[in-house]
Amino acid sequence: MSEPGRPVVIVGDGEFAEIALEYFTHDSPHHVVGFAVERDYLKRDELLGLPVVPFEELESRFAPADHAAFVAITFTQLNRVRARLYHAVKAKGFQPISYVSSRAFVWHNVQIGENCFIFENNVLQYHVRIGNNVVLWSGNHIGHRSAIADHCFLSSHVVVSGYCEVGESCFLGVNASIGNNVRIARDCVIGAGAVVGDDTGPGKDYKGERAGPTSVSNLSLFKVKEAG
-16 MSEPGRPVVI VGDGEFAEIA LEYFTHDSPH HVVGFAVERD YLKRDELLGL PVVPFEELES
44 RFAPADHAAF VAITFTQLNR VRARLYHAVK AKGFQPISYV SSRAFVWHNV QIGENCFIFE
104 NNVLQYHVRI GNNVVLWSGN HIGHRSAIAD HCFLSSHVVV SGYCEVGESC FLGVNASIGN
164 NVRIARDCVI GAGAVVGDDT GPGKDYKGER AGPTSVSNLS LFKVKEAG
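Quick look at the structure:
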């Protein structure tokens, strides 16, 4: 990452928070200085040698002008918890920071928003747009000119083909495949291994089906003309 290193506070203290600490420490110029958890869920005052402070006191313990923040929450309540804390961090005056793995392929004109976490082996092609507060776990393919809206979570090995739109707050399960020019409406859950070839409705759950032959001849579909 080309930006200069900054001290970072991670919001959360679960497995994702520990992973974020590991990746920021070993694959970024930034260094983590502590964690923050909402008081109702605060169960410890230290994690991996770093302080865990009440989120309500975050700005008094770590000055927003001197620290960045990252909200390390997964897809709890269909990404709503991560979205709420992302907005709360900004309201406290912190700059949410993104992590992009050095082992991800990101084309030069890709746009990536705030508080994103992009793991290793992701492929982000020509003119891809990634919104704010998006998690791309390992090994996804985001095709050319596709857009992932705010607060989405893509599990591993998801394929989003070219010219697609994935709406806000969606969850895409492991090995889901989205065909070209498909629009996934907001709040959708695309199940593991699901294949989606048509636009979806908002707030729907899509599960995969086993492929079967259609009545259309491939010769006709691909306009093949046999030699006479």
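The sequence shown begins at -16 in this note's numbering and counts up one residue at a time. Backbone N, C-alpha and C fix where the C-beta goes; we use that ideal spot for every residue, glycine too. Since the model is a prediction, treat every value here as computed from it, not as a measurement.
Item, Value
"Endpoints, the beta strand (DSSP E) within which His14 is located", "His14 to Val20"
"Cα-Cα separation, Leu30 to Ala71", "22 Å"
"Whole-angstrom distance between Asp49 and Phe100, CA atom to CA atom", "21 Å"
"Residues bridged to Glu42 (per DSSP)", "According to DSSP, Glu42 bridges with nothing at all."
"DSSP-derived helix/strand/coil call for Glu148", "strand"
"Of the listed residues Gly122, Leu119 and Val149, nearest to Ile131 (C-alpha basis)", "Val149"
"Pair within 8 Å by beta-carbon distance, Leu155 and Val178", "no"
"Opening and closing residue of the beta strand (DSSP E) in which Phe53 lies", "Ala51 to Val54"
"Spatial neighbours of Gly47 in its chain, beta-carbon cut-off 7 Å, leaving aside the 5 residues before and after", "Inspection of the sequence shows that residue 47 is occupied by Pro rather than by Gly. Excluding sequence neighbours, Pro47 sits near Lys75, Gly76 and Phe77."
"Given 8 Å, three or more beta-carbon pairs between the region 14 to 34 and the region 56 to 66", "no"
"Span separating the alpha-carbon of Tyr116 from that of Ser129", "According to the sequence as given, residue 116 is Asn; it is not Tyr. Using only the alpha carbons, I get a separation of about 17 Å."
"Own chain residues within Cβ distance below 6 Å of Arg(-11), not counting five before or after", "His13 and Ala51"
"Backbone CA spacing between Gly122 and Ala175 [nearest angstrom]", "14 Å"
"Rounded distance between the beta-carbons of Arg86 and Glu103, thought under 8 Å", "4 Å"
"Sheet register partners of Glu29 (DSSP bridge)", "Pro34"
"Inter-residue spacing [alpha-carbon to alpha-carbon] between Val199 and Asn164", "21 Å"
"Ile8 to Trp120 span [Cα, whole Å]", "Residue identity check: residue 8 is Thr in the sequence provided, not Ile. C-alpha separation (whole angstroms): 18 Å."
"Inter-residue Cα distance where the pair is Arg166 and Ile173", "12 Å"
"Reduced DSSP category for Ile80 - H, G, I as helix; E, B as strand; rest coil", "coil"
"Per DSSP, cross-strand counterpart(s) of Ala130", "Arg112 and Glu148"
"Outcome for Ala210 when other beta-carbon atoms lying within 10 angstroms are tallied against a minimum of 16", "exposed"
"Helix, strand or coil at Val64 [DSSP, three-state]", "helix"
"Sequence-distant residues of its chain with Cβ nearer than 6 Å to Ser139 (five each side left out)", "Trp120, Ser121, Gly122 and Val157"
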